[in-house]
DNA sequence: CTTAGTTACGTACAACGTACGTAGTGCGCT
DNA sequence: AGCGCACTACGTACGTTGTACGTAACTAAG
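Protein chains in written order, with this note's numbering: chain A, 442 to 689; chain B, 442 to 689.
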């Protein structure tokens, strides 16, 4: 009988291979790769145990030998993508620039895997690659004399900004992948309602906000400003660093 | 035949009552209330069309007369909870304090409805009460001379901080409501793995972070600091306002 | 060699969202 | 008044999901 306990368990604590029995046909990496491939093509909702098993070329239930619960499959996916950072051996020494670069890299990765942002706000666990990522983030702050608690808070905030903003950018596109209509249609309908509501005069400031300019929004610029503000907020509490670099 | 189109639609644009036929047994508010009651008790995963219908005392499919898709039920829930703010008639004039108060109120509301944070990062639509909320947020910034685009970005950032942090605080508790084990068990198992991993020496800074102090974390204080940093970041770009009030 | 743990996988079940058909109801029209 | 149609109500049913369970084959440890 398969070892599928009704107790909480961390997949990373379970050995990938334990001597006895026939050798497994796949590795965890194979499975993570298959799941990510499916998500990239068909959206996160296309990631089902059946699909992943089919992609691997095995029976559905065989998958449960490797992945006790579907949530663990998600963790595998997050960890795999978290391994796509090509982290430098050592940070440059300019913590602000290093963290900003890292945040931009994270944003880029999440654009390649649009389902990642949604997953990251649903799965909270530590995994090998996420720990590696956090360790590197902390190493960027080595030069700063502050308790690690404070550094962790900053790292968490930067990560929060990245996932929040990228999720906002991408969720419509991701969601409509498993819907019978397009993201553009959805957006059009919602904007039509918003326009009607705004025209009612009940929300004058909202109306003014939407009347203003309204050229296409540069999402990366918005992200940049948000990120800069967070770093500014940290900066302003520790005098002696360069006060306010231009946003460019 | 029921009017359930395969086209995108905003539930708020559909009239709640349209003359003809027998009068509906429930209002949208009834349905939202029932769904929220279920979510409060059994977690978000307990909110199914069947459960909500049963709570209302009607057949499952009757619900589809009011709510064309399940997503719309979610929007109803978000809107209802967004109506729980008791927004003052007019902001006090101190935008920083007003926004902070609002953020704290939002955090408190999401603690009462632990599923709210997760829903808000999944549902992106404007609804009557969310628009009221945004309008009020903007009105807090009336005294500031800045383009509305900039104000909107600040409001979005504050909201982002709230949902991100509250979601982080609450997601484990929420998630384990539909799991056969407790949040404490889950946490214990994950911490055990983390401890073992940290002891390996591969993540020295992470290890230092967890070794440090480690009294119970005051989540509200963490939230406060994050919020303050965001407001600081906005502050630092517009000289002339009070530079840096104490975090309490 | 034995044996116990592992892999593989088909079957099966409960729960989900929801398409569809049918029956009943009452407003608005002529 | 009375016809008709839009609306409500709801049972049935389908496809899809996660996954519990049983069985058969396999292989390393004793």
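For every residue, glycine included, the Cβ atom is placed at its ideal position computed from N, Cα and C.
{"Check": "Return the residues of the region 610-622 of chain B that lie within a Cβ-Cβ distance of less than 7 Å from chain A, sorted by chain order.", "Outcome": "612, 613, 621 and 622"}
{"Check": "Specify whether the region 473-480 of chain B and the region 513-520 of chain B touch according to this definition: at least 3 beta carbon pairs, one from each stretch, less than 8 Å apart.", "Outcome": "yes"}
{"Check": "What number of angstroms, rounded off, separates the C-alpha of residue 606(A) from the C-alpha of residue 454(A)?", "Outcome": "32 Å"}
{"Check": "At a CB distance below 7 Å, what residues from the region 573-591 of chain B approach chain A? Give them in sequence order.", "Outcome": "575, 576, 579, 580, 588, 589 and 590"}
{"Check": "For residue 472(B), which residues in the same chain have their Cβ closer than 8 Å to its Cβ, ignoring the five residues on either side in sequence?", "Outcome": "493, 497, 504, 507, 508, 514 and 517"}
{"Check": "Interface residues of chain B around residue 537(A) at Cβ under 9 Å?", "Outcome": "Residues of chain B passing the Cβ test: none, with the nearest at roughly 13 Å."}
{"Check": "Please look up how many angstroms separate the CB atoms of residue 590(B) and residue 650(A), rounded, as I've assumed it's under 8 Å.", "Outcome": "7 Å"}
{"Check": "Mind listing, in chain order, the continuous alpha helix (DSSP H) runs of no fewer than 4 residues lying wholly within the region 476-501 of chain A?", "Outcome": "490-497"}
{"Check": "Is residue 527(B) helix, strand or coil when you go by DSSP?", "Outcome": "coil"}
{"Check": "For residue 647(A), go through chain B and note every residue whose CB falls closer than 7 Å to its CB, in chain order.", "Outcome": "572, 575, 576 and 579"}
{"Check": "Going by beta-carbon coordinates alone, are residue 565(B) and residue 526(B) separated by less than 8 Å?", "Outcome": "no"}
{"Check": "Hey, quick one: how far does the alpha helix (DSSP H) through residue 639(A) stretch, first residue to last?", "Outcome": "624-640"}
{"Check": "Which stretch, first to last residue, makes up the alpha helix (DSSP H) that contains residue 672(A)?", "Outcome": "660-676"}
{"Check": "If you follow the alpha helix (DSSP H) that residue 651(A) is part of, which residue opens it and which one closes it?", "Outcome": "645-652"}
{"Check": "Under three-state DSSP, which class holds residue 457(A)?", "Outcome": "coil"}
{"Check": "Quick one: what does DSSP say residue 520(A) is sitting in, helix, strand or coil?", "Outcome": "helix"}
{"Check": "Below 8 Å on the Cβ atoms is my guess for residue 487(B) versus residue 619(B); work out the distance and round it to an integer in Å.", "Outcome": "7 Å"}
{"Check": "Give me, in chain order, the residues of the same chain whose beta-carbon lies closer than 7 Å to that of residue 448(A); leave out the 5 immediate sequence neighbours on both sides.", "Outcome": "none"}
{"Check": "Please identify, using Cβ separations under 9 Å, the residues of the region 659-679 of chain A that lie next to chain B, in order along the chain.", "Outcome": "663, 666, 667, 669, 670, 671, 672, 673, 674, 675, 676, 677 and 678"}
{"Check": "Which word fits residue 502(B), buried or exposed, when buried means at least 16 other C-beta atoms lie within 10 angstroms of its C-beta?", "Outcome": "exposed"}
{"Check": "Does the Cβ of residue 491(A) have 16 or more other Cβ atoms within 10 Å, making it buried, or fewer, making it exposed?", "Outcome": "exposed"}
{"Check": "Under three-state DSSP, which class holds residue 580(B)?", "Outcome": "helix"}
{"Check": "Residue 640(A) to residue 636(B), Cα distance in whole Å?", "Outcome": "57 Å"}
{"Check": "Classify residue 510(B) as helix, strand or coil using the three-state DSSP reduction.", "Outcome": "coil"}
{"Check": "Taking the beta carbon of residue 460(B) as the centre, do at least 16 other beta carbons fall within 10 Å, making it buried, or is it exposed?", "Outcome": "exposed"}
{"Check": "Apply the 10 Å Cβ neighbour rule to residue 599(B) and answer buried if 16 or more other Cβ atoms are within range, or exposed otherwise.", "Outcome": "buried"}
{"Check": "How many angstroms separate the CA atom of residue 671(A) from the CA atom of residue 597(B)?", "Outcome": "14 Å"}
{"Check": "Whole beta strand (DSSP E) runs in the region 531-581 of chain A with 3 or more residues, listed along the chain?", "Outcome": "none"}
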